[in-house]
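*Asks:*
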């Protein structure tokens, strides 16, 4: 019984350090984690510089392996410190943590995949919990909700834009033809997309007066098209949202991390937070 209690206490302390950003030990752990992630990203960036890699290849390689081993230990610790590991493993952060750990191991089998460790930059999202930037986290939730609420309108808008590019591409193919660079309808559609988005690479352009007139209309139309999705999302964001909760506590029993403000018990399993 004592041994089981010691194991339970050990897991509880480990959970508190790893998952909770409100405790001194948890905050220290998260800050060290963020600094390690930044160091790892810098190592990958420096390794891509040929002259630097040539002079310090062994140092960079050993440092990356040390960080990879530390991340592996951290990943395993996160799994064993909660009662329902699958909750973490299949969560957003769990998948990101795994993707940040395996590239270096994959480089032993597949050449060049170690560069994927740059995915560790996504782990910097944890800084919202560490630095108590909950108001900004709430703002990101507002943006995500606005995008979700606007998805049907945006989908209809994109469908119309696709139809428009097909029509414009076909018209320009007929007006300009292969002689002026519009060798096919798909290639003419490429021109329409580039022109509508006001990018204008200049690798293909109309030469006939009719084609140039159509291109001028498309360019002006492009400015209006860019503004439409912005207006749709802005309208959704303008709607008041009173359901954003800023509680960062993590339940050690079920892994739930979405709780109401000032909650003392998990809203999913009912256990004390």
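In our numbering, the protein residues as written are 876 to 1148.
Yeah, the Cβ is synthetic: ideal placement off N, Cα and C, and Gly gets one too.
Predicted model only: the values in this text are computed from it and were never measured.
(1) Could you compute how far the alpha carbon of residue 967 sits from the alpha carbon of residue 1097?
(2) Could you check whether the region 1023-1034 touches the region 1062-1070, counting it as contact only if at least three pairs of C-beta atoms, one from each stretch, sit closer than 8 angstroms?
(3) Below 7 angstroms between beta carbons: does that hold for residue 994 and residue 974?
(4) Considering only their Cβ atoms, is the gap separating residue 922 from residue 903 smaller than 7 angstroms?
(5) Using a Cβ-Cβ cut-off of 7 angstroms, state whether residue 941 counts as contacting chain B.
(6) How far does the alpha helix (DSSP H) with residue 953 in it extend, from its first residue to its last?
(7) Within 10 angstroms of its Cβ, does residue 1043 collect 16 or more other Cβ (buried), or is it exposed?
(8) What does the Cβ neighbour count give for residue 965, buried or exposed, with the cut at 16 atoms within 10 Å?
(9) Under the DSSP definition of a beta bridge, which residues are partnered with residue 1147?
(10) Taking the straight line between their C-alpha atoms, what separation do you get for residue 892 and residue 978?
(11) Could you tell me which of 913, 927 and 1090 sits nearest to residue 946, measuring between CA atoms?
(12) Around the Cβ of residue 1094, are there at least 16 other Cβ atoms within 10 angstroms (buried) or fewer (exposed)?
*Replies:* According to the data block:
(1) 36 angstroms
(2) no
(3) yes
(4) no
(5) Included in the structure is just one protein chain, with no chain B present.
(6) 925-955
(7) buried
(8) exposed
(9) 1140
(10) 26 angstroms
(11) 913
(12) exposed
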